[in-house]
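As structure tokens, the structure follows; a few thoughts come after it.
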Amino acid sequence: MGASGTDDLLGAVLVDVKGFSEQDEESQDLQLEARVAGSRTLQLGQSDSVLFPYPGFQSGFVEVNDSSQGNQQGTTNIINGAGNRELMLLPGKLRYREVSASFNYNYIGRLLLPAAVKKFPIVGLNSAMLLVAEDGGFTLEINGSEKELYLLSGQQFLKCPLSVEKKRASIRYSGDVTCSVVTYSQLPELKQPKLRGNVQTAQREVAP
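Position 39 of the sequence shown, counted from 1, bears residue number 39 in UniProt numbering, the numbering being contiguous throughout.
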């Protein structure tokens, strides 16, 4: 798909949203916006691409941002390719703009932790953002493909299954979430560099 109101088209800009091999169908909620100078804004989702025809030798820009539409069920985070960049094309040339992003859900609930770990700080291992109050109340932002929250408390690893009791706008209410102690070998495969790095960093921070 493409968009332009100009007939004298001598170049083009291709904006390509890469697929998400480690995410499931929930990533379909991801929404981005792309436009070039002189063209209308187009909405892009997972694995979408758009070709903008563009006049040669004309100074302008190509811009990619989170979608401003209010129908998303979570938070789109652009990892690579966001922002406004200057554009100048030679006739017949193609500018390629690769975009990668993740889609996170927002949860609110209460963590029910084993008594033995309550005295230690809580570190989220696979969360984008985690705030935990003294009574266990939590606010969480986590990748849309994740079904469990993994924590480190002291020297103990915890698994907290995430469920949804109700939704309101982009917030998912989990109610009480019972967390159980697991061993390091029971953590999900640490193929994701970010998760592996989070575990190593958290272990250093809590080391005596």
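Cβ atoms here follow ideal geometry from the backbone N, Cα and C, with glycine treated the same way.
This one's a predicted model, so the numbers in the text were calculated from it and none came from an experiment.
Taking the DSSP output, what are the residues bridged to V181? Counting from one through the sequence shown, the residue named residue 181 turns up at place 181. V181 pairs with L158.
Which stretch, first to last residue, makes up the beta strand (DSSP E) that contains N143? Against the sequence shown, residue 143 aligns to sequence position 143. Where N143 is concerned, the enclosing beta strand (DSSP E) stretches over 137-143.
Check whether the Cβ atoms of I122 and A101 sit closer than 8 Å, and answer yes or no. In the sequence shown, counting from the first residue as 1, residue 122 sits at position 122. In the sequence shown, counting from the first residue as 1, residue 101 sits at position 101. For I122 and A101, no; Cβs fall outside 8 Å.
Among G137, L151, N80, which one has its Cα closest to the Cα of A32? Here residue 32 corresponds to residue number 32 of the sequence shown, with the count starting at 1. Residue identity differs from the one stated: residue 32 is Leu in this sequence, not Ala. Checked all of G137, L151, N80; the closest Cα to L32 is N80.
Among T75, S163, K119, G83, nearest to N104 - alpha-carbon criterion: Reading the sequence shown from its first residue, position 104 is the one you call residue 104. If we check each option's Cα against that of N104, T75 comes out closest.
Could you say which of K166, G175, Q156 lies nearest to F138 if we only look at CA atoms? Taking the first residue of the sequence shown as 1, we reach residue 138 at position 138. Answer by Cα proximity: G175.
I'd like the span of the beta strand (DSSP E) that includes G81, first residue to last. The residue labelled residue 81 in the question sits at position 81 within the sequence shown. Here G81 belongs to no beta strand (DSSP E), and DSSP marks it neither H nor E.
With a 10 Å radius around its C-beta and 16 neighbouring C-beta atoms as the bar for buried, classify G144 as buried or exposed. If you number the sequence shown from 1, residue 144 lands on position 144. With 16 or more other Cβ atoms within 10 Å, it is buried.
According to DSSP, N65 sits in a beta bridge with which residue or residues? Mapped onto the sequence shown, residue 65 falls at position 65. Bridge partners of N65: E33.
So, using beta-carbon positions, are L94 and L42 closer together than 8 Å? Here residue 94 refers to the residue found at position 94 of the sequence shown. Here residue 42 refers to the residue found at position 42 of the sequence shown. Taking 8 Å as the Cβ cut-off, L94 and L42 do not qualify as a contacting pair.
Under 8 Å between C-beta atoms of R172 and G136: If you number the sequence shown from 1, residue 172 lands on position 172. If you number the sequence shown from 1, residue 136 lands on position 136. Their beta carbons are not under 8 Å apart, which means R172 does not touch G136 by this criterion.
Give every residue of the same chain whose Cβ lies closer than 6 Å to the Cβ of M129, excluding the five residues on either side of it in the sequence, and list them in chain order. In the sequence shown, residue 129 corresponds to position 129, counting from 1. Correct list, in chain order: E141.
Which of helix, strand or coil does DSSP assign to Q186? Residue numbering aside, residue 186 sits at position 186 when the sequence shown is read from its first letter. Q186: helix per DSSP, three-state reduction.
Can you tell which of L152, E86, M88 has its C-alpha closest to the C-alpha of K118? Residue mapping note: residue 118 aligns to position 118 of the sequence shown, counting from 1. Comparing Cα-Cα distances from K118 to each of L152, E86, M88, the minimum goes to L152.
Can you look up A115 in the DSSP assignment and give me helix, strand or coil? Along the sequence shown, one-based indexing puts residue 115 at 115. Reduced to three states, the DSSP call for A115 is helix.
Which class does R168 belong to by DSSP, given the choice of helix, strand or coil? Locating residue 168 in the sequence shown gives position 168, where the first residue counts as 1. The answer is strand: DSSP assigns R168 an E or B state.
For P121, the three-state DSSP class (helix, strand or coil): Within the sequence shown, residue 121 is the residue found at index 121, counting from 1. DSSP places P121 in coil when its eight states are reduced to three.
With respect to the beta strand (DSSP E) encompassing L42, which residues constitute its N-terminal and C-terminal limits? For the purposes of this step, residue 42 is taken as residue 42 along the sequence shown, with counting starting at 1. Taken as a continuous stretch (DSSP letters only), the beta strand (DSSP E) holding L42 covers 42-44.
Closest by C-alpha distance to G124, when choosing among P91, E98, K159: The residue you call residue 124 lines up with position 124 of the sequence shown. Checked all of P91, E98, K159; the closest Cα to G124 is K159.
Have a look at G83 and L44 and give me their C-alpha separation to the nearest angstrom. In the sequence shown, the residue the question calls residue 83 occupies position 83. In the sequence shown, the residue the question calls residue 44 occupies position 44. In a straight line, the C-alpha of G83 is about 15 Å away from that of L44.
Should L112 go down as buried or exposed, given a rule of 16 or more other Cβ atoms within 10 Å for buried? Locating residue 112 in the sequence shown gives position 112, counting from the first residue. Under this definition L112 is an exposed residue.
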